[in-house]
Amino acid sequence: MLNPVVTVMTKAARIGGNVLLRSINKLDALNVVQKDRMDYASEVDADAEKAIIKELRRAYPEYGIVGEEGGIIPGKNGRYHWVIDPLDGTSNYLHGFGHYCVSIALVDNGEPTDAVIFDPLRNELFTASRGAGAQLNERKIRVSDRKELTGAMIHTGFPPRERARVGAHLECVRELLNHAEDIRRTGSAALDLAYVACGRADAYFEAGVKDWDVAAGVLLVREAGGKVSDFKGASTGRMDGVGPETRQLIAGNLRVADALQKVVSSSGYTAAFNPFNG
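Printed below as a string of structure tokens:
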């Protein structure tokens, strides 16, 4: 049984997902805007975010908003914020590659308390509430029980805003391939974290992610029994848009996350991306 907050979030995420699906067969007609180098948005992103916010504010008008498209909108209640990515995996979506999602987190004084990640194509709804565990379509999920990096499936993402640092990432990938079974780059940080939470992936790491990319996924992994940290093994800190502009993130079950963190830190990747943490 979903709690009342997650019920509202679920409805909002499904509304946003429907906006995405309605435009899937007319991608060529979409107005696409380049926000940054290698970072794009379309009218669908904006329309989905507006629809999501409308539904959330219908139930909780006093809460603030941190949205990928609309930025920070202060609320009358300074404690709670919705952190929203209406379309995580925009490039996938615009190319007709079926791997993207809606991500919504409720954040209390910087800490995610409730999370919803919705994959509209697969009709998969990942949910979590602090202290109450994580679910996929209302069935309890757990991180994998893999005990070491050997044989692990690792998900990652290339740093979208810092292409000059891709070399450091590739060196880290090269080292990881000496240990892990394989590495996947799917193009959606939120779904990467959701897949770690349900055991489809053993771990995930990436630099340059934003709060709206990962706030919901971070809670999912933690509530599924996993560990989330930065590249140095430290806490992720606040997740309400007022922390670091971009982040480094490692997630997985305890043993694999720790092993991954050691490889990442020893590869020079941590030093190359240190500016991302403020």
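Numbering (this note's numbering), first residue to last: 3 to 280. Note that CB positions come from ideal geometry on N, CA and C, so glycine has one too. Remember, it's a predicted structure, so these values are computed and weren't measured experimentally.
{"query": "My output table needs one value for L256: the three-state DSSP class, helix, strand or coil.", "result": "helix"}
{"query": "State the start and end residues of the unbroken alpha helix (DSSP H) segment that holds T12.", "result": "6-24"}
{"query": "Give me the Cβ distance between A226 and A199, rounded to the nearest whole Å; I'm assuming they're in contact under 8 Å.", "result": "4 Å"}
{"query": "Between which two residues does the alpha helix (DSSP H) containing N180 stretch?", "result": "From DSSP, N180 is part of no alpha helix (DSSP H); its letter is neither H nor E."}
{"query": "For I156, report the span of its beta strand (DSSP E) as first-last.", "result": "155-158"}
{"query": "Across the region 168-185 and the region 247-267, are there enough close Cβ pairs to call them in contact, namely three or more that are closer than 8 Å?", "result": "yes"}
{"query": "Out of curiosity, what's the CA-to-CA distance linking S105 and V10?", "result": "13 Å"}
{"query": "Taking the alpha carbon of R224 as the reference point, which residue from D215, A253, H97 has its own alpha carbon closest?", "result": "A253"}
{"query": "Check whether the Cβ atoms of A309 and I54 lie closer than 8 Å to each other.", "result": "Nothing can be reported for residue 309, as the shown portion of the chain is limited to 3 through 280."}
{"query": "Is L22 closer than 8 Å to P122 when the C-beta atoms are compared?", "result": "yes"}
{"query": "What three-state label does DSSP hand G103 in the structure shown?", "result": "Rather than Gly, the amino acid found at residue 103 in this sequence is Cys. Note: C103 maps to strand in three-state DSSP."}
{"query": "Suppose the cutoff is 6 Å on Cβ atoms and the five residues either side in sequence are ignored; what does the same chain contact list for T115 look like?", "result": "L108, R132"}
{"query": "So the alpha helix (DSSP H) L222 belongs to, where does it begin and stop?", "result": "213-225"}
{"query": "When you compare only the Cα positions, how much space is there between E150 and K56?", "result": "45 Å"}
{"query": "Can you have a look at N255 and say buried or exposed, based on whether 16 or more other CB atoms are within 10 angstroms of its CB?", "result": "buried"}
{"query": "Is the separation between the beta-carbon of L251 and that of E208 shorter than 8 Å?", "result": "yes"}
{"query": "If you draw a straight line from the C-alpha of Y95 to the C-alpha of D49, how long is it?", "result": "14 Å"}
{"query": "With A203 and D194 assumed to form a contact (beta carbons below 8 Å), what rounded beta-carbon distance in angstroms separates them?", "result": "7 Å"}
{"query": "Residues in its own chain within less than 6 Å of A136 by CB, not counting five upstream and five downstream?", "result": "A130, I143, A199, L222, E225, A226"}
{"query": "Answer with buried or exposed for G153, where buried requires no fewer than 16 other C-beta atoms within 10 angstroms of its C-beta.", "result": "exposed"}
{"query": "Quick check on A236: buried or exposed, where buried means 16 or more other Cβ atoms within 10 Å of its Cβ?", "result": "exposed"}
{"query": "Whole-angstrom Cβ separation of Y197 and H157, contact assumed at under 8 Å?", "result": "7 Å"}
{"query": "Of the residues V8, F99, G189, which one's Cα is nearest the Cα of F128?", "result": "V8"}
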